[in-house]
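Novice: First residue of the sequence shown? That's 1 in the numbering used here, and the numbers climb one at a time after it.
Backbone N, C-alpha and C fix where the C-beta goes; we use that ideal spot for every residue, glycine too.
Bear in mind that the values here come from a model prediction, so they are computed numbers and not experimental data.
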Amino acid sequence: MEELILKLKEKNKTISCCESLTGGMFASSIVNVSGASSVFVGGFVTYMDKAKEILLDGKDILKDKGAISKEMAYQMAYKVKEVLKSDIAISFTGNAGPFASEGKEVGLVYSCIIIDQDVYHFKDHYKGDRESIREQCIFNSKKRILEFLK
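Below, the structure written as structure tokens:
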């Protein structure tokens, strides 16, 4: 994450996150880097649907598309960016296993990155155990943000 923190500082950008399946891993990986407080605004961990409903105004999305959906990933990123006033927001929602959820397979992850007004959606299928799926999600997202900030 050091490279991401340096790039955010260089570009004078702030970042926030809204996490579900990653349970705060992205935020934790950022704050493990000295100097992160100059770019990391904060984040939400909306693990249960109740949190998505209350904090994210996600009741209709939960009913129509489910927690593991492109629409929920967008709502998560949009809401955290709006509330915390960051330049960049990232979200993660998916199924780390060990069983299918909402009829969606283990390893399915939707993420969304919003940079200023630009919105990027991702649908990934990761392999491995819970920890591996979550780690792959964080690694790929960091890589994607860096690519967008070039």
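Quick one: which unbroken alpha helix (DSSP H) runs of 4-plus residues sit fully inside the stretch 122-148? Chain order, please.
Specialist: Listed in chain order, they are 130-148.
Novice: With a threshold of 8 Å on Cβ separation, who are the neighbours of residue 11 within its own chain once the five nearest residues in sequence on each side are excluded?
Specialist: Position 11 of the sequence shown, counted from the first residue, corresponds to residue 11. Cβ neighbours of residue 11 beyond the five flanking positions: 149.
Novice: Buried or exposed: residue 34, going by 16 or more other Cβ atoms within 10 Å of its Cβ?
Specialist: Start at 1 with the first residue of the sequence shown, and residue 34 comes out as number 34. Looking at its Cβ environment, which holds fewer than 16 other Cβ atoms inside 10 Å, residue 34 is exposed.
Novice: If I follow the unbroken alpha helix (DSSP H) through residue 78, where does it start and stop?
Specialist: The sequence position of residue 78 within the sequence shown is 78, counting from 1. Per DSSP, residue 78 belongs to the alpha helix (DSSP H) from 70-84.
Novice: Does the distance from the C-beta atom of residue 121 to that of residue 74 stay below 8 Å?
Specialist: Taking the first residue of the sequence shown as 1, we reach residue 121 at position 121. Taking the first residue of the sequence shown as 1, we reach residue 74 at position 74. Result yes, Cβ atoms of residue 121 and residue 74 sit closer than 8 Å.
Novice: According to DSSP, what are the bridge partners of residue 46?
Specialist: Here residue 46 refers to the residue found at position 46 when the sequence shown is read from its first residue. BP columns for residue 46 are empty, so no partner.
Novice: Between which two residues does the alpha helix (DSSP H) containing residue 29 stretch?
Specialist: Stepping through the sequence shown from its first residue, residue 29 is reached at position 29. Here the alpha helix (DSSP H) through residue 29 covers 25-31.
Novice: Per DSSP, which residues does residue 19 bridge with? Please list them.
Specialist: Position 19 of the sequence shown, counted from the start, is the residue given in the question as residue 19. In the DSSP output, where bridge partners are listed per residue, residue 19 has 45 and 92.
Novice: For the alpha helix (DSSP H) containing residue 87, name the first residue and the last one.
Specialist: Taking the first residue of the sequence shown as position 1, residue 87 is located at position 87. Element bounds for residue 87: n/a, residue is neither H nor E.
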